[in-house]
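Chains as they are written, first to last, in this note's numbering: chain A, 1 to 257; chain B, 258 to 514.
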């Protein structure tokens, strides 16, 4: 497992998986309030899901809040994500060109550590954000989400590989399982990708059936698991306290003989 | 997942997996002392590993202790197992014929609920124990263990199927993984078998690498997980308190949306 790193420092001391808590507030006050609650729970990583933010059409308001989050979060790394509607995000009023400009502006503000952008977007936009993020020292997570089903392991493996080929710093795959077999498909695809892909991987199976993947994904190569601090951003997320307890048991058992 | 049942009552209310604690004492006092400690931890199931017992060559001593264990364990079901040396058991002084007779005598005493016998034994012995256990209302677990490596999923699936074909009440597979991929092989074989095999399945990947399977095996069809109460009987077993905590997180997360 390759951990996420900030300035060559591995998150969570390189012990997989790092725990990320999403912020999904509608107002600046709500997001800041969430962050305050969440920081007390000491996540390894924060994700601001700006697609939930009511003022997303006001770039200055977004950047101003990003700055406040940066200040409050101190050393805790921040992912800035505007999840597209077609991959499970909230409906918002901006077109894709405006979103790309927003992400570029946020990169230039240097108050986030990562941006997340979907592989399904047009190549020109992916390339633009690859350049903009790299120029500012912001890492690019390229992601694939499927809230309907779980494609086969070959398809998922190809998504990890596509992210790497396009220059991503991190490759993420999240799918919806309909069976325990689908959960194994995601874990297998991640495990196989971890043998060939040279960037950190993040993967999960969502929903109740997939929740187990949030606990054991690290064993099979996923560098990050998303937990609930105050509010969930996707189905199946587990409260950070419980997730941390289960992860500790997995970790301790794994180093035993 | 099909749970183990005693008199049509599913163990652990049918919630997978049931937790089994092994007893590995060398003397009658040691085994009884272990049982007392272990019962306080409220396992769903106890396994007496009689291959560890110093007086194994004395059938009367074995039956006498089995009776005491039965009395002390009250309603907690007991598996009686003499693990063969070639599948990871302790060295003891009895030949296979004597072991089969011992198992028959213990069945006749009716102070255990299950006996475990390896699939690798000669067919005549398997058939004899199938008849003897059925006649006494004792359930037969037919098992396959590999402490060296993890055969492929087809091989493991064939072991589950062989146990069912030979009339087992429960089919068990335990292997030693050398990689995370091997752990997925066991989980996949169990998940696939659970779709076609009509008896309860037990499976695990042993050692530190496989320990995660003891936590999540239930999600993929394993009806029982082995935990440490006082002393481990195989590598990678987790203390029951910690295992129970992790299982509770898995279970709660799995029923969420």
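For each residue, glycine too, the CB sits at the ideal point set by N, CA and C. No experiment lies behind these values; they were computed from the predicted model shown.
Discussion item. Bridge partners for residue 79/A per DSSP, in chain order?
Written reply: Within the first chain, the letter at position 79 stands for residue 79/A. The partner list for residue 79/A (beta bridge, DSSP) reads 47/A, 114/A.
Practice prompt. Give me whichever residues DSSP pairs with residue 174/A in a beta bridge.
Written response: Within the first chain, numbered from 1, the residue matching residue 174/A stands at position 174. According to DSSP, which records beta bridges pairwise, residue 174/A is partnered with 145/A, 204/A.
Item to complete: Classify residue 480/B as helix, strand or coil using the three-state DSSP reduction.
Response: By one-based count along the second chain, residue 480/B stands at place 223. Residue 480/B falls in the coil class under three-state DSSP.
Discussion item. For residue 447/B, tell me which candidate among 190/A, 184/A, 209/A, 50/A has the shortest Cα-Cα distance.
Written reply: Residue numbering aside, residue 447/B sits at position 190 when the second chain is read from its first letter. Out of 190/A, 184/A, 209/A, 50/A, 184/A has the C-alpha closest to the C-alpha of residue 447/B.
Discussion item. Using only the alpha-carbon positions, how far apart do residue 33/A and residue 231/A sit?
Written reply: As a working note, residue 33/A is residue 33 in the first chain. As a working note, residue 231/A is residue 231 in the first chain. Those two C-alpha atoms are separated by around 12 Å.
Worksheet item: Exposed or buried, what is residue 332/B when buried is set at 16 or more other beta-carbons lying within 10 Å of its beta-carbon?
Response: In the second chain, counting from the first residue as 1, residue 332/B sits at position 75. By the beta-carbon neighbour count (other beta carbons within 10 angstroms, threshold 16), residue 332/B is exposed.
Item to complete: Consult DSSP for residue 207/B and reduce its assignment to one of helix, strand or coil.
Response: Residue 207/B is absent from the structure shown; chain B starts at 258 and stops at 514.
Worksheet item: Do residue 25/A and residue 51/A have their C-beta atoms closer together than 9 Å?
Response: Sequence index remark: in the first chain, residue 25/A carries index 25 (1-based). Sequence index remark: in the first chain, residue 51/A carries index 51 (1-based). No, Cβ-Cβ distance for residue 25/A and residue 51/A is not below 9 Å.
Fill in: One or two residues paired with residue 5/A in a DSSP bridge
Start at 1 with the first residue of the first chain, and residue 5/A comes out as number 5. DSSP output for residue 5/A lists 10/A as bridge partner(s).
Worksheet item: Leaving out the 5 sequence neighbours to the left and right, which residues in its chain are closer than 6 Å to residue 114/A when beta-carbon positions are compared?
Response: Position 114 of the first chain, counting from 1, holds the residue named residue 114/A. Once the five neighbours on either side are set aside, the close Cβ partners of residue 114/A are 79, 139, 141.
Worksheet entry | Within-9 Å CB hit, residue 440/B to chain A | As a first step, residue 440/B must be located in the second chain, where it is residue number 183. Yes - at least one Cβ of chain A is within 9 Å of the one on residue 440/B.
Practice prompt. Have a look at residue 144/A and residue 130/A and give me their C-alpha separation to the nearest angstrom.
Written response: Taking the first residue of the first chain as 1, we reach residue 144/A at position 144. Taking the first residue of the first chain as 1, we reach residue 130/A at position 130. As the crow flies, the alpha-carbon of residue 144/A is around 16 Å from that of residue 130/A.
Practice prompt. Mark residue 453/B as exposed unless 16 or more other C-beta atoms lie within 10 angstroms of its C-beta, in which case mark it buried.
Written response: In the second chain, counting from the first residue as 1, residue 453/B sits at position 196. By the 16-neighbour rule on beta-carbons within 10 angstroms, residue 453/B is exposed.
Worksheet entry | DSSP three-state assignment for residue 364/B, whether helix, strand or coil | Your numbering for residue 364/B matches position 107 in the second chain. Correct three-state label for residue 364/B: helix.
Item to complete: Between the Cα of residue 199/A and those of 36/A, 12/A, 162/A, spot the shortest distance and give me the residue it belongs to.
Response: As a first step, residue 199/A must be located in the first chain, where it is residue number 199. When only C-alpha atoms are compared, the closest one is 162/A.
Worksheet item: What residues from the region 119 to 140 of chain A come within 8 Å of chain B, judged by C-beta to C-beta, listed N to C?
Response: none
Discussion item. Tell me whether the region 338 to 357 of chain B and the region 295 to 313 of chain B touch, counting them as touching only if at least three CB pairs, one residue from each stretch, are closer than 8 Å.
Written reply: Touching, yes.
Worksheet item: What did DSSP end up calling residue 485/B once you bin it into helix, strand or coil?
Response: Against the second chain, residue 485/B aligns to sequence position 228. If DSSP states are grouped into helix, strand and coil, residue 485/B belongs with the strands.
Practice prompt. In angstroms with no decimal places, state the Cα-to-Cα distance between residue 366/B and residue 416/B.
Written response: Working through the second chain from its first residue, we reach residue 366/B at position 109. Working through the second chain from its first residue, we reach residue 416/B at position 159. Near 29 Å, if we compare the C-alpha coordinates of residue 416/B and residue 366/B.
Item to complete: Since I believe residue 211/A is in contact with residue 238/A (beta carbons under 8 Å), could you give me their beta-carbon distance rounded to a whole number of angstroms?
Response: Along the first chain, read from residue 1 onward, the residue named residue 238/A stands at position 238. Along the first chain, read from residue 1 onward, the residue named residue 211/A stands at position 211. About 6 Å separates the two Cβ atoms, so the contact holds.
Practice prompt. Report the neighbours of residue 448/B on chain A: residues whose CB is nearer than 7 Å to its CB, in chain order.
Written response: Numbered from its first residue, the second chain carries residue 448/B at position 191. Chain A residues near residue 448/B: 180, 181, 184.
Worksheet item: When Cβ atoms are compared, which residues of the region 224 to 247 of chain A fall closer than 8 Å to chain B?
Response: Hits within the stretch, in order: 235, 236, 238, 242, 243, 245, 246.
Worksheet item: Using the C-alpha atoms, what's the distance from residue 73/A back to residue 438/B?
Response: Residue mapping note: residue 438/B aligns to position 181 of the second chain, counting from 1. Residue mapping note: residue 73/A aligns to position 73 of the first chain, counting from 1. Taking the straight line from one Cα to the other gives about 37 Å.
Fill in: Alpha carbon of residue 508/B to alpha carbon of residue 186/A, nearest angstrom
Taking the second chain and counting its residues from 1, the one referred to as residue 508/B is at position 251. Taking the first chain and counting its residues from 1, the one referred to as residue 186/A is at position 186. For residue 508/B and residue 186/A, the distance between alpha carbons rounds to 19 Å.
Practice prompt. Assign residue 482/B to one of two classes, buried (16 or more other C-beta atoms within 10 Å of its C-beta) or exposed (fewer than that).
Written response: The residue labelled residue 482/B in the question sits at position 225 within the second chain. So residue 482/B ends up on the buried side.
Discussion item. According to DSSP, residue 292/B sits in a beta bridge with which residue or residues?
Written reply: Your numbering for residue 292/B matches position 35 in the second chain. According to DSSP, which records beta bridges pairwise, residue 292/B is partnered with nothing at all.
Discussion item. So, with DSSP's three-state summary, where would you put residue 215/A?
Written reply: Here residue 215/A refers to the residue found at position 215 when the first chain is read from its first residue. In the structure shown, residue 215/A sits in a helix (DSSP, three-state: H, G or I).
Discussion item. Less than 9 Å between the C-beta atoms of residue 511/B and residue 485/B, yes or no?
Written reply: The count along the second chain starts at 1 and reaches residue 511/B at position 254. The count along the second chain starts at 1 and reaches residue 485/B at position 228. Contact annotation: residue 511/B and residue 485/B have beta-carbon atoms that are not nearer than 9 Å.
Discussion item. Just to make sure I have the definition right: I need the residues of chain A whose C-beta is within less than 8 Å of the C-beta of residue 428/B. Which are they?
Written reply: To locate residue 428/B, count along the second chain from 1; it is residue 171. What residue 428/B touches in chain A: nothing, since even the nearest Cβ is about 18 Å away.
Discussion item. Taking DSSP's pairing of strands, which residues face residue 277/B in a bridge?
Written reply: Taking the second chain and counting its residues from 1, one reaches residue 277/B at position 20. Answer is 302/B, 483/B.
Discussion item. For chain B, check one thing: does any of its Cβ atoms lie closer than 9 Å to the Cβ of residue 221/A?
Written reply: Residue mapping note: residue 221/A aligns to position 221 of the first chain, counting from 1. With 9 Å as the cut-off, residue 221/A counts as an interface residue toward chain B.
Discussion item. Whole angstroms are fine: how far does the CA of residue 356/B sit from the CA of residue 449/B?
Written reply: By one-based count along the second chain, residue 449/B stands at place 192. By one-based count along the second chain, residue 356/B stands at place 99. If you take the alpha carbons of residue 449/B and residue 356/B, they lie about 33 Å apart.
Discussion item. For a cutoff of 9 Å on Cβ pairs, would you count residue 319/B as touching chain A?
Written reply: In the second chain, counting from the first residue as 1, residue 319/B sits at position 62. Closer than 9 Å: no.
Worksheet entry | residue 375/B, buried or exposed, once every other Cβ within 10 Å from all chains shown has been counted against 16 | Here residue 375/B refers to the residue found at position 118 of the second chain. Note on residue 375/B: 16 or more other CB atoms within 10 angstroms of its CB, so buried under the neighbour-count rule.
Discussion item. Pop quiz: residue 300/B and residue 276/B are said to be a contact at Cβ under 8 Å. What is the actual Cβ separation, rounded to whole angstroms?
Written reply: For the purposes of this step, residue 300/B is identified with residue 43 of the second chain, where counting begins at 1. For the purposes of this step, residue 276/B is identified with residue 19 of the second chain, where counting begins at 1. Taking C-beta atoms under 8 Å as the contact rule, residue 300/B and residue 276/B qualify, at a distance of about 5 Å.
Worksheet entry | Supposed close pair residue 223/A, residue 56/A - CB separation, criterion 8 Å | Taking the first residue of the first chain as position 1, residue 223/A is located at position 223. Taking the first residue of the first chain as position 1, residue 56/A is located at position 56. That belief does not hold up - the Cβ atoms of residue 223/A and residue 56/A are roughly 28 Å apart, past 8 Å.
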